[in-house]
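Visitor:
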Ligand code: NOJ
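Numbering (my numbering), first residue to last: 1445 to 2038.
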């Protein structure tokens, strides 16, 4: 997972009017200013009508909580997988792409959710997983038995003969889920250590006794890769997209998309000799990925095909959108963003990956907004179900500051469920772990709705029956507690999103790179050319000291502070941005032209 940040000119000129700018988004797309809330269905909410309660979320539970999302200021929801699945990988191992997991509800429940969301002007995006299915999917079952047209729907190989005549995988391609290899090595369970520096990643090939061939799995063994070089597979997957569009969804978050582009000649990957465990603890990163995924020739073509589904005349009147998950270098992301910028863009994971440091964040923000094409819709991300929670990465106050930085940036702003409550990662006892990669359960625990109810109001089931346990350390962050507390994280998110909605500069302003006189204080601006409305966000990255900083070349002098990340209560304080604004430790301020 390499983040390539190219050299960026640190331009001295920082006036709001004449710094370089990026068009906030296409005027005609409602996505250009959308707040997208990611729901992890298994732990979001169980509906109150279900008897008996099962201990995990439900589609109806999500519908019940729409008023909460509306009050927060959300205008789109991304639903993580809810499909039938053996649940080896949190539902990313799909056994039927066109149905609902029976434990979560039915297609009728889903239709009802779509209607209810639409009534509240909340759009729905669903997770679409093109690279693999579950090995329980009937396509795989047919393919391993070589049934008719399914013969090469997955990536099969007879293997090669090893030195001692044994059958070996055809190449050194590795599984992303290689973390357990490290633990196995630490337990001394690995017989095939090459030397001290090398923990073999999990091979991406698994022998199948039924077919007597290896199949490729870029993730878990139970997630065989679909063969995108087969046009029938591509048609079947595009048909899945149409199935959900016809049910009323407004777009897709496309999972691990860089994995569908592979070199089907299967050459070995190069070994990353620069790898060290401090940089990444996943043995998968010992392999440089040019062939097993990220293979541009086919990747670009397949992504283009998916975007064309949304552009079909059947859907002409709809405002549809794709957001692509791809952990790749910035220059590769830029190429993908150029495929169909009017409907699709890659996730901007830069801020998620970069350390919380004023200079890093500035380089990342400037580079990202500069590299986007004019018609692209930017996006901002502070967390998701694969990453340690924002508060656990940055601490409470810095997490609030980071939220303000992201929410006032242009484009689609993603909020991972519970982020608005300031939830932290949970300790998960070993016998309750669900994630095969062993790491991601802590950020997936149930949302605490009301700490006066069993399991914090998430479900009435017995605690041992919950899909993942409640994080009791965060009970005091329950929604009911935060709702009446204007110092709470929820109050901050609500206030920020209200301002994002009300302030013209936050709605349509271009991103403007700004320079402050202090290297621990970050600044950026937004400016709406039509109305001349402007805002500036200033952030103090120092954890201990207040700092007085100025934006020397700001085109506005007197501003009004409309939001502090530390104190939601507005003081309507007037500041002179060119002379200096005092920021408390870990504070972000939003200032508009007075
Ligand atoms: C990315 C998803 O976000 C992650 O949760 C999943 O394990 C992999 N893709 C495989 O689908």
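Note that beta-carbon positions come from the ideal geometry of N, C-alpha and C, so glycine has one too.
1. Would you say residue 1649 and residue 1613 are within 9 Å of each other, going by their C-beta atoms?
2. For residue 1889, count neighbouring Cβ atoms within 10 angstroms of its own Cβ and tell me buried if that reaches 16, exposed if not.
3. Under a three-way DSSP split, which group does residue 1848 fall into?
4. Compare the Cα-Cα distances from residue 1664 to each of 1619, 1777, 1501 and 1963 and report the closest residue.
5. Apart from the five residues just before and just after residue 1842, which ones in its own chain have a Cβ nearer than 7 Å to its Cβ?
6. For a test of the three-state rule: what should DSSP assign to residue 1871, helix, strand or coil?
7. Near the ligand NOJ, which residues have their beta-carbon closer than 5 Å to a heavy atom?
8. Per DSSP, which residues does residue 1860 bridge with? Please list them.
9. Around the Cβ of residue 1708, are there at least 16 other Cβ atoms within 10 angstroms (buried) or fewer (exposed)?
10. Taking the C-alpha atoms as reference points, what is the distance between residue 1484 and residue 1997?
11. One question on the structure: do residue 1502 and residue 1549 come within less than 9 Å of each other, judged by their Cβ atoms?
12. On the criterion of 16 or more Cβ atoms from any shown chain inside 10 Å, does residue 1893 qualify as buried, or is it exposed?
13. Using DSSP with H/G/I as helix, E/B as strand and the rest coil, what is residue 1757?
14. Looking at residue 1846 and residue 1838, is the spacing between their C-beta atoms short of 9 Å?
15. Does the pairing of the segment 1776-1788 with the segment 1747-1754 give three or more beta-carbon distances under 8 Å?
16. Can you find at least 3 beta carbon pairs, one from the segment 1544-1559 and one from the segment 1666-1684, that sit closer than 8 Å?
17. Could you have a look at residue 1983 and say whether DSSP puts it in helix, strand or coil?
18. Taking only runs that begin and end inside the segment 1622-1709, name each unbroken alpha helix (DSSP H) of 4 or more residues, in chain order.
19. Suppose you measure from the CA of residue 1499 to the CA of residue 1876; what does that come to, to the nearest Å?
20. With a floor of 4 residues, list each alpha helix (DSSP H) that falls wholly inside the segment 1524-1583, ordered by position along the chain.
21. Looking at residue 1793: is its Cβ nearer than 9 Å to the Cβ of residue 1825?
22. Going by other Cβ atoms of all chains shown within 10 Å of its Cβ, with 16 needed for buried, is residue 1561 buried or exposed?
23. Residue range of the beta strand (DSSP E) that residue 1823 falls in?
24. Using CA atoms only, rank isn't needed, just tell me which of 1795, 1659 and 1545 is closest to residue 1589.
25. Where does residue 1460 fall in DSSP's three states?
26. Answer yes or no: the CB of residue 1970 versus the heavy atoms of the ligand SAM, is any distance below 8 Å?
27. Can you tell me whether residue 1833 is helix, strand or coil according to DSSP?
28. Considering just the uninterrupted stretch of the beta strand (DSSP E) at residue 1967, what are its terminal residues?
29. Given this structure, state the Cα-to-Cα distance separating residue 1928 from residue 1979, to the nearest angstrom.
30. Would you check if the distance between the CB atom of residue 1872 and the CB atom of residue 1913 is smaller than 9 Å?
31. Less than 8 Å between the CB atoms is what I'm expecting for residue 1917 and residue 1901, so what's the real figure, rounded?
32. Determine which residues share a DSSP beta bridge with residue 1765 and list them.
33. Going by beta carbon distance, what residues of the same chain come within less than 6 Å of residue 1712, once the five residues before and after it are set aside?
34. Using the C-alpha atoms, what's the distance from residue 1633 back to residue 1756?
35. If you pair each beta-carbon of the segment 1958-1965 with each one of the segment 1934-1947, do three or more pairs fall below 8 Å?
Guide: Straight from the coordinates:
1. For the purposes of this step, residue 1649 is taken as the residue at position 205 of the chain shown. For the purposes of this step, residue 1613 is taken as the residue at position 169 of the chain shown. Taking 9 Å as the Cβ cut-off, residue 1649 and residue 1613 qualify as a contacting pair.
2. Working through the chain shown from its first residue, we reach residue 1889 at position 445. With 16 or more other Cβ atoms within 10 Å, it is buried.
3. Locating residue 1848 in the chain shown gives position 404, where the first residue counts as 1. Correct three-state label for residue 1848: helix.
4. As a working mapping, residue 1664 is identified with position 220 in the chain shown. The residue with the shortest Cα to Cα distance from residue 1664 is 1619.
5. Against the chain shown, residue 1842 aligns to sequence position 398. 1800 and 2030, listed in sequence order.
6. Here residue 1871 is taken as the residue at index 427 of the chain shown, counted from 1. In the structure shown, residue 1871 sits in coil (DSSP, three-state: anything other than H, G, I, E or B).
7. 1533, 1536, 1663, 1699, 1700 and 1830
8. Reading the chain shown from its first residue, position 416 is the one you call residue 1860. DSSP lists 1482 as partners of residue 1860.
9. By 1-based counting over the chain shown, the position of residue 1708 is 264. Exposed, by the Cβ-count rule.
10. Sequence index remark: in the chain shown, residue 1484 carries index 40 (1-based). Sequence index remark: in the chain shown, residue 1997 carries index 553 (1-based). Roughly 44 Å between the two C-alpha positions.
11. Position 58 of the chain shown, counted from the first residue, corresponds to residue 1502. Position 105 of the chain shown, counted from the first residue, corresponds to residue 1549. Contact flag set, yes.
12. For the purposes of this step, residue 1893 is taken as residue 449 along the chain shown, with counting starting at 1. The residue in question, residue 1893, is buried, as its Cβ has 16 or more Cβ neighbours within 10 Å.
13. Counting from 1 along the chain shown, the entry for residue 1757 is found at position 313. Residue state, collapsed to three classes: helix.
14. For this step, residue 1838 is matched to residue 394 along the chain shown. For this step, residue 1846 is matched to residue 402 along the chain shown. Contact flag set, yes.
15. yes
16. no
17. In the chain shown, the residue the question calls residue 1983 occupies position 539. DSSP places residue 1983 in strand when its eight states are reduced to three.
18. 1623-1630 and 1675-1690
19. To locate residue 1499, count along the chain shown from 1; it is residue 55. To locate residue 1876, count along the chain shown from 1; it is residue 432. Cα-Cα distance, rounded: 13 Å.
20. 1551-1563
21. Along the chain shown, read from residue 1 onward, the residue named residue 1793 stands at position 349. Along the chain shown, read from residue 1 onward, the residue named residue 1825 stands at position 381. The answer is yes: Cβ separation under 9 Å.
22. Position 117 of the chain shown, counted from the start, is the residue given in the question as residue 1561. Buried: at least 16 other Cβ atoms inside 10 Å.
23. For the purposes of this step, residue 1823 is taken as residue 379 along the chain shown, with counting starting at 1. Residues 1823-1825.
24. The residue you call residue 1589 lines up with position 145 of the chain shown. Closest option to residue 1589, Cα to Cα, is 1659.
25. Taking the chain shown and counting its residues from 1, the one referred to as residue 1460 is at position 16. With a pLDDT of only 38 at residue 1460, under the threshold of 50, the placement of this residue in the model should not be trusted, and no figure is reported.
26. In the structure on display, the ligand SAM does not appear, and the ligands it does have are the ligand NOJ.
27. Your numbering for residue 1833 matches position 389 in the chain shown. Residue 1833: coil per DSSP, three-state reduction.
28. By 1-based counting over the chain shown, the position of residue 1967 is 523. Per DSSP, residue 1967 belongs to the beta strand (DSSP E) from 1965-1971.
29. Residue 1928 sits at position 484 when you count from the first residue of the chain shown. Residue 1979 sits at position 535 when you count from the first residue of the chain shown. Looking at the two C-alpha atoms, the distance is approximately 28 Å.
30. Start at 1 with the first residue of the chain shown, and residue 1872 comes out as number 428. Start at 1 with the first residue of the chain shown, and residue 1913 comes out as number 469. Yes, the pair counts as a contact, with Cβ atoms nearer than the cut-off.
31. To locate residue 1917, count along the chain shown from 1; it is residue 473. To locate residue 1901, count along the chain shown from 1; it is residue 457. Not confirmed; about 16 Å, so no contact.
32. For the purposes of this step, residue 1765 is taken as residue 321 along the chain shown, with counting starting at 1. Answer is 1695, bridged to residue 1765.
33. The sequence position of residue 1712 within the chain shown is 268, counting from 1. Same-chain partners within the cutoff: 1615 and 1616.
34. As a position in the chain shown, residue 1756 is number 312, starting the count at 1. As a position in the chain shown, residue 1633 is number 189, starting the count at 1. So the alpha carbons of these two residues sit roughly 53 Å apart.
35. no
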